[in-house]
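To get our numbering, take the position in the sequence shown, counting from 1, and add 156. Backbone N, C-alpha and C fix where the C-beta goes; we use that ideal spot for every residue, glycine too. Input: a single structure, listed below in structure tokens.
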Amino acid sequence: MFETLQDNLMSAIRSLRGRGRLTESNMREGLEMVRQSLLEADVSIPVVKDFIARISEQALGENVLKLLDPTEQLVKIVHEELIQLMGPVDHDLHLKKPLTTFMLCGLQGSGKTTTCGKLGKLLVKRNLKPMLVAADLQRPAAIDQLEILGQSIGVPVHVDRESKDPVQVCQDAAQKAIALGIDVLILDTAGRLHIDEELMKQLQQIDLQLQPDQVYFVVDAMTGQDAVNSAKAFNDALELDGVVLTKLDGDARGGAALSVKHITGVPIKFIGTGELVESLEEFHPDRLAGRILGMGDMLTLIEQAREKLDKEAIEKQQERLMKGEFTLDDFRSQMGQAKRLGSFSKLLSFIPGMGQFGKMMGDMNVDADGEMRRVGGIIDSMTPEEKRNPKIIDNSRRRRIAAGSGAQPQQISDLVKSFLPMAEMMKSMSSMNPRDRMAAVQQMTQAMSKNPTAGITPPKKGTGKRLTPQEKNEARKKREKEKKKREKEKRKK
């Protein structure tokens, strides 16, 4: 998410480090790089000017320049200003009885229909009863898509394929929803390839007749500054209550997220972070600002872990660890749990200080997810006894496992060598207090960041005392003397 913007901002801030005491001159150079980073991310020019002016006022102040580490203060200032630029956000959906109506609008291809399904899934998780309404009568495929989405999440969909009047369809759906005891009605309205008068009139009629409680504009984050212009046009016509940014899992540059609130005054309510119906999150400016500056986003990671991980399986693993048990089966289960949270690089982006590690692995063409699948295949090809005690795996067993998993025998050996010290570490960590456990995790993280392609290998054992330079020189002379003696004996023969 916003990798290019993150790289450019961090590069600008890093350029100020190591210069000793900062002056107003080199601080201005760093701020110019920040400005350039925002422009390259397609942030609106008025937004960039205002943002840089606010940062400059604080960063060039005497109190900052006199600090021993002014760059850390600059990061803090940029972080706070990013939060102010994108927030605040009211996460309350303002539900009311007997029925709350959400109206979703946007251009074609923005992900509006998919977002209706995602929003419905989000409401179901909150123990509410939503209904989807196919009010996009311009595209028959949109009606089919909404029906399929409704079936997949177990939510009713109101469809009227004979009607040509979207206002009447919405009114009929509202009456039906009240009769069925529905809590929230979600209207999927028509879109266009571009903003036109006919589209706006239709949306204004629905807005006038239905009086929706919340009007959300769905926009593709990859469109950059065009997203802001579209949001402004829709807001002028409908008075939007919020914006939903989609496709943030792609190579979005960040312009829309950083500009839309400042230009339109309309807050971003939700962000789409994937294709699955579960991939809709509340927008938190402070968390996104932290991820842009490489600070991670542990709160979002914890929330996703609570929703997606199997609590019973985790509790069983913890009980086994407390007993000093950690097998390849346990390791396989942990990999499966981690996979539920997304790709390995995505997980690293949530962890403070690990975002660059994930990028480093990408630059080195390290396929961490493919590696996890390969390891899973090897473990699945083992017998229960081998998983419990991998030390019994000899050449014969190694060849059998390699044939079953499509791996090389050497890869099975590497896995076992990596797993044994990991198992010992996991067992020892189970008996540590929280502070020591955190220190152990940080130590392992630092080791991984120095060599991301290496597994966890057994520690090297000492070979005795170190030789002094004099002893090394004598050993070298002895080897040379023995070599000459062998060559002399060969010539005699």
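> Within the chosen definition, does the segment 421 to 441 reach the segment 197 to 213 through at least 3 CB pairs nearer than 8 angstroms?
Replying inline: They do not touch, by the three-pair rule.
> In three-state DSSP terms, what is residue 342?
Replying inline: Annotated three-state conformation of residue 342 is strand, per DSSP.
> Expressed to the nearest angstrom, what Euclidean distance is found between the alpha-carbon atoms of residue 636 and residue 647?
Replying inline: About 17 angstroms.
> Which value, in whole angstroms, describes the spacing of the CA atoms of residue 391 and residue 272?
Replying inline: Cα to Cα, residue 391 sits roughly 19 angstroms from residue 272.
>> Taking only three categories from DSSP, how would you classify residue 337?
In response: For residue 337, the three-state secondary structure derived from DSSP is coil.
>> What does the alpha-carbon distance come out to for the pair residue 149 and residue 550?
In response: The requested residue 149 does not occur in the structure, where the chain is confined to residues 157 to 649.
> With respect to 6 angstroms, is the separation between the Cβ of residue 399 and the closest non-hydrogen atom of the ligand GDP below this value?
Replying inline: Within the structure as shown, the ligand GDP is missing, as the structure has no ligands at all.
> If you draw a straight line from the alpha carbon of residue 200 to that of residue 316, how long is it in whole angstroms?
Replying inline: If you take the alpha carbons of residue 200 and residue 316, they lie about 41 angstroms apart.
>> Is it the case that the segment 370 to 386 contacts the segment 252 to 265, given that we only count it when at least three CB pairs across the two stretches are under 8 angstroms?
In response: The segment 252 to 265 is in contact with the segment 370 to 386.
> DSSP state of residue 238, grouped into three classes?
Replying inline: Three-state DSSP puts residue 238 in a helix.
> Is the segment 358 to 370 in contact with the segment 320 to 335, if contact means three or more CB pairs nearer than 8 angstroms?
Replying inline: The answer is yes - the segment 320 to 335 touches the segment 358 to 370, with three or more Cβ pairs under 8 angstroms.
>> Given this structure, state the Cα-to-Cα distance separating residue 388 from residue 191, to the nearest angstrom.
In response: Taking the Cα positions, residue 388 is about 24 angstroms away from residue 191.
> What are the partner residues of residue 314, as DSSP defines its beta bridges?
Replying inline: DSSP lists 289 as partners of residue 314.
> Do the segment 230 to 238 and the segment 333 to 345 make contact, defined as three or more Cβ pairs closer than 8 angstroms?
Replying inline: No, the segment 230 to 238 is not in contact with the segment 333 to 345.
> By DSSP, does residue 437 sit in helix, in strand, or in coil?
Replying inline: Strand at residue 437.
> What does residue 256 pair with, by DSSP beta-bridge criteria?
Replying inline: Paired residue(s): 340.
> Does the beta-carbon distance from residue 572 to residue 540 come in below 7 angstroms?
Replying inline: Their beta carbons are not under 7 angstroms apart, which means residue 572 does not touch residue 540 by this criterion.
> For the candidate residues 343, 194, 582, whose alpha-carbon lies nearest to that of residue 314?
Replying inline: Out of 343, 194, 582, 343 has the C-alpha closest to the C-alpha of residue 314.
>> Rounding to the nearest angstrom, what Cα-Cα distance links residue 312 and residue 337 in this structure?
In response: Going by the C-alpha atoms only, they are around 12 angstroms apart.
> Considering only residues of the same chain and omitting the five flanking positions on each side of residue 269, which have a CB-CB separation below 8 angstroms?
Replying inline: Scanning its chain for C-beta atoms nearer than 8 angstroms, with the 5 sequence neighbours on each side dropped, one finds around residue 269 the residues 292, 298, 301, 302, 305, 344, in chain order.
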